[in-house]
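Working notes for the structure below.
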Amino acid sequence: MFYAIYLLTIFIYLVCASGAVTDLAPFIDTITLTYTLFPCFLVLWCTKSLKPFGHAFLSAFGRRELTLEEARGSLLSVKMAAVTSVLFGALCFMIGTINCFHHFDFAQMEDMSRLLADVTVLTLSFFYPALVCVILLPVYFLLKKHIRSLS
C-alpha cells in the first residue's frame, strides 16, 4: 500500500517538476527507452530472475510474503535490473554522443539547433535509468529489511 502511494507521489512530482502537465513530448523517446529497458528484461530473463523480480514487486505491494531464499533472489534481481539500466543508459549516452558529434558540421551554425535537439535526447539516456532506480529503490530496501528480519 505504501509503495503504491510512493509511486503515485513520484509520478505527480515528476510531472509537475518537469512541466510535463502541458507537454510530455520532450520526455518521450521510445528508442532510448527501449535501449534502456530491453537489456534489463533480457538480463532478468537470461539469468532466470524474471520471476523473483516479479515477486519483489508483489512483496512491495503487500501481495506476497517471501521466504528468506525468495527474498534473497528477489533482492539480487532488483539490484541486477538497476545496475543494468544504469550501464545501458551510459552506453546509450556514449553512442548517442559519438553519433551526434560525428554528423555535426562545425562550419555551419544552422547545425547548432540540431545539436541542441540531439543533446536533449541524449540526456534521456540518464533520465530513464534514474527513473528505473527511483522506482526500484524502495523495493530494494524493503527486501533488505525483510531479509534482516528473517535472518
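Numbering of the sequence shown is given in the numbering used here, commencing with residue 38 and proceeding in unit increments. Backbone N, C-alpha and C fix where the C-beta goes; we use that ideal spot for every residue, glycine too. Remember, predicted model here, so these are calculated numbers, not experimental data.
Counting Cβ pairs closer than 8 Å, one from the segment 41 to 49 and one from the segment 131 to 140, do we hit at least three?
no
CB contact flag (residue 159, residue 130, <7 Å):
Position 122 of the sequence shown holds residue 159. Position 93 of the sequence shown holds residue 130. Contact: yes.
CB residue 179 to CB residue 111, shorter than 7 Å?
As a working mapping, residue 179 is identified with position 142 in the sequence shown. As a working mapping, residue 111 is identified with position 74 in the sequence shown. No, these two residues do not count as a Cβ contact at 7 Å.
According to DSSP, simplified to helix, strand and coil, what is residue 142?
Position 105 of the sequence shown, counting from 1, holds the residue named residue 142. The answer is coil: DSSP assigns residue 142 none of H, G, I, E or B.
Alpha carbon to alpha carbon, how far is residue 50 from residue 166?
Along the sequence shown, one-based indexing puts residue 50 at 13. Along the sequence shown, one-based indexing puts residue 166 at 129. Near 17 Å, if we compare the C-alpha coordinates of residue 166 and residue 50.
To the nearest angstrom, report how far apart residue 103 and residue 176 are at their CA atoms.
One-based indexing of the sequence shown puts residue 103 at position 66. One-based indexing of the sequence shown puts residue 176 at position 139. Between residue 103 and residue 176, the C-alpha separation is close to 13 Å.
Beta carbon of residue 87 nearer than 7 Å to that of residue 95
Working through the sequence shown from its first residue, we reach residue 87 at position 50. Working through the sequence shown from its first residue, we reach residue 95 at position 58. Taking 7 Å as the Cβ cut-off, residue 87 and residue 95 do not qualify as a contacting pair.
Starting from residue 88, trace the alpha helix (DSSP H) both ways and give me its first and last residue.
Taking the sequence shown and counting its residues from 1, the one referred to as residue 88 is at position 51. Taken as a continuous stretch (DSSP letters only), the alpha helix (DSSP H) holding residue 88 covers 87 to 97.
Which term fits residue 99, buried or exposed, when burial requires 16 or more other beta carbons within 10 angstroms of its beta carbon?
Numbered from its first residue, the sequence shown carries residue 99 at position 62. So residue 99 ends up on the exposed side.
Helix, strand or coil: how does DSSP classify residue 126 here?
In the sequence shown, the residue the question calls residue 126 occupies position 89. DSSP places residue 126 in helix when its eight states are reduced to three.
Residues in the same chain with beta-carbon distance under 6 Å from residue 121, minus the five sequence neighbours each way, listed in chain order, please.
One-based indexing of the sequence shown puts residue 121 at position 84. Once the five neighbours on either side are set aside, the close Cβ partners of residue 121 are 76, 77, 80.
Give the secondary structure of residue 151 by DSSP, where H, G and I count as helix, E and B as strand, and everything else as coil.
Walking along the sequence shown from the start, residue 151 turns up at place 114. Looking at residue 151 - three-state DSSP - the assignment turns out to be helix.
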